[in-house]
Amino acid sequence: MKIPGFQIQETIGAGGMATVYLALQESLGRSVVLKTLHKADAPSESYAERFLNEARIIAALRHPHIITIYDVGTTDELLYIAMEYVDGGDLGARIRAGLEPSEALDIVAKIASALQCAHCEGVIHRDVKPANILFRHDGTPVLSDFGIAKQITVDSELTATGTIVGSPVYMSPEQAEGTPLDVRTDIYSLGIIFYEMLTGRRAYPGDSAIKIILQHLQGPIPTLPKELERFQSFLERMAAKDREQRFGDAAAVVAAAQKLQREELTRHTPPSPPRMVATPDGPTAAIATVEGQTVVVPLAQPERKRLRALLSSLALFGAGLATFYVYTETLKIPGIVRLQPEVVETSPTEIASRLVEQSLAHTTQPANLNRAHGTIPSTPEPLRRDVMQALIWLARNSLKDDRLTHPPADNAHYYYSRLLALDPGNEQALRGFHRIAERYAVLAEQEYAHRRYKKAQAYVTIGLQVQPDHDGLHTLQSLIDERDRSWFEGLIEFVSGGETG
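According to this note's numbering, the residues represented by the sequence shown are 368 to 868, in order.
Here you go:
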């Protein structure tokens, strides 16, 4: 088999009448996936039309979590679609390997953002399932296979009324009944997938399609085990039998999933550093939050003296640290709106921050995002551990509150950078930078989906300064660049047309 411009390398799958190949696009020297359909194998013209419909639908959806279409065409014998090659496996494999709740929420939020993009363009996917959620090599999930997607506003003749399409395991009740669909059918399917990601088992098992469909129609929403019951209400809002009781759109799913992500981050945060109840003679009690409970511990006089000594040592340590560390206090991107208003009243985070700042005071903070590492002055290990624990707590709380790179000296990037200076190669700090970049990617996606392109660009710019090799941000940057080029070329064409007319 030959397709001009492509070298077929291997067969990677087959389903229905279509065959999928890994190929090399000769003009650009990149690996692509070729989905092909032999014209002779198409049972009808409508089947061939539906095949090409997939390409047209995906090509119109520009989103970092939707697979990219490169080309579509025909030969004498074939119809073909050339699309992005995604080499990180599918969600089914990750479910079998086991996922943390935070990972499941992250996948739900990103795929829901992709669905919101599709829904805003009037497209329902109708076959959201683990096999259609793929991963790039950096772990970014992408939604694929829009082969049975349907325009919401068009009464398509490609699927007869009352015909069931989609995968029974993840099918909404209304889809199983063959009734008219809206965007909430995709939300239901994603909810059923969410249950499977959390538990590792299917929501509605069965040895036949009929038994599975009956459970979707009549069975109760599955109950999560006790250790996961905090997600039950979210699951029920996605997988309610009555679509009127589901989230109204995928954007609401994104918001709810991100809220749960922040709560998960808090659950795994170490106990807060103590804040002091002060008198003119010094602190008399320590107040800490442990597992959501506020604990007040009176301090004996020797303990108060030890705390004073600790703070003095921290201050000396911080002064030495400044010689070996370069950090920016904030990113200088014009026009960026702060994610959170400034807090006027004193909060536990602010008090804890002050404690650490006493240890790291008077450091030089040039305005750049380079993280320079040097030899840290010799420091007593207990003191170093105390500072690191406080920095981790402050960084996580800053991330939870969306204080990513602002305000100066009180943001997630600041604290993770300090942690990395104390402990070069610290895994929590490196993961923290990735989470910051991920958050900027989510913010940029939201702005892009709402066509606020300047703000999306600003978030991408900041995120890439935090993590220059973040694939999702680079994909977003490509989308923005291509949109800018298309807009400029369209303007030139318009002006040129006006001049020649």
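Backbone N, C-alpha and C define an ideal beta-carbon position, used for all residues, glycine too.
CB-CB length for residue i against residue j, believed under 8 Å
i	j	result
residue 476	residue 628	7 Å
residue 509	residue 434	5 Å
residue 483	residue 616	7 Å
residue 879	residue 504	In the structure as shown, the chain begins at 368 and stops at 868. Residue 879 is therefore absent and cannot be evaluated.
residue 534	residue 552	At roughly 12 Å, the Cβ-Cβ gap does not stay under 8 Å, so residue 534 and residue 552 are not in contact.
residue 614	residue 554	6 Å
residue 513	residue 425	5 Å
residue 556	residue 495	4 Å
residue 472	residue 500	About 14 Å separates the two Cβ atoms, so there is no contact after all.
Proximity test, residue i beta-carbon vs the ligand NAD heavy atom, cut-off 6 Å
i	result
residue 825	As presented, the structure is devoid of all ligands, the ligand NAD included, so that no description of it is given.
Closest Cα partner of residue i within the set the options
i	options	result
residue 779	798, 790, 792 and 395	798
residue 558	377, 846, 624 and 573	624
residue 618	478, 606 and 451	478
residue 463	824, 567 and 850	567
residue 777	400, 634, 512 and 759	759
residue 439	765, 419, 825 and 791	419
residue 453	431, 472 and 622	431
residue 586	596, 609 and 595	609
residue 588	573, 836 and 562	562
residue 410	385, 423 and 456	385
residue 813	401, 402, 403 and 429	429
residue 770	787, 506, 800 and 606	800
residue 752	560, 632 and 790	790
residue 584	626, 620, 593 and 537	537
residue 405	441, 572 and 785	441
residue 543	392, 845, 493 and 497	493
Reduced DSSP secondary structure (H/G/I, E/B, other) of residue i
i	result
residue 375	strand
residue 403	strand
residue 393	coil
residue 369	coil
residue 848	helix
residue 452	coil
residue 380	strand
residue 497	helix
residue 804	helix
residue 534	coil
residue 473	helix
residue 561	helix
residue 567	coil
residue 446	strand
residue 607	coil
residue 490	strand
residue 784	helix
residue 590	coil
residue 510	strand
residue 462	helix
residue 457	strand
residue 839	helix
residue 436	strand
residue 543	helix
residue 387	strand
residue 411	coil
Buried versus exposed call for residue i [16 or more other C-beta atoms within 10 Å across all chains shown]
i	result
residue 465	exposed
residue 570	buried
residue 417	buried
residue 379	exposed
residue 396	exposed
residue 763	buried
residue 376	exposed
residue 839	buried
residue 579	buried
residue 564	buried
residue 369	exposed
residue 765	buried
residue 834	buried
residue 672	At residue 672, the pLDDT of 46 sits below 50, so the modelled position is not reliable; the number obtained from the coordinates is stated separately. Flag for residue 672 reads exposed.
residue 634	exposed
residue 398	exposed
residue 575	exposed
residue 491	buried
residue 852	exposed
residue 547	exposed
residue 394	exposed
residue 593	exposed
- Query: Does the region 599 to 618 touch the region 437 to 453, meaning 3 or more C-beta pairs lie closer than 8 Å?
  - Reply: Flag = no, the region 437 to 453 and the region 599 to 618 do not touch.
- Check whether the region 766 to 783 touches the region 818 to 826, counting contact only when three or more Cβ pairs, one atom from each stretch, lie closer than 8 Å. no
- Sufficient close CB pairs (3 or more, under 8 Å) joining the region 829 to 838 to the region 799 to 807: As far as the Cβ criterion goes, the region 829 to 838 touches the region 799 to 807, which means the pair count is three or higher.
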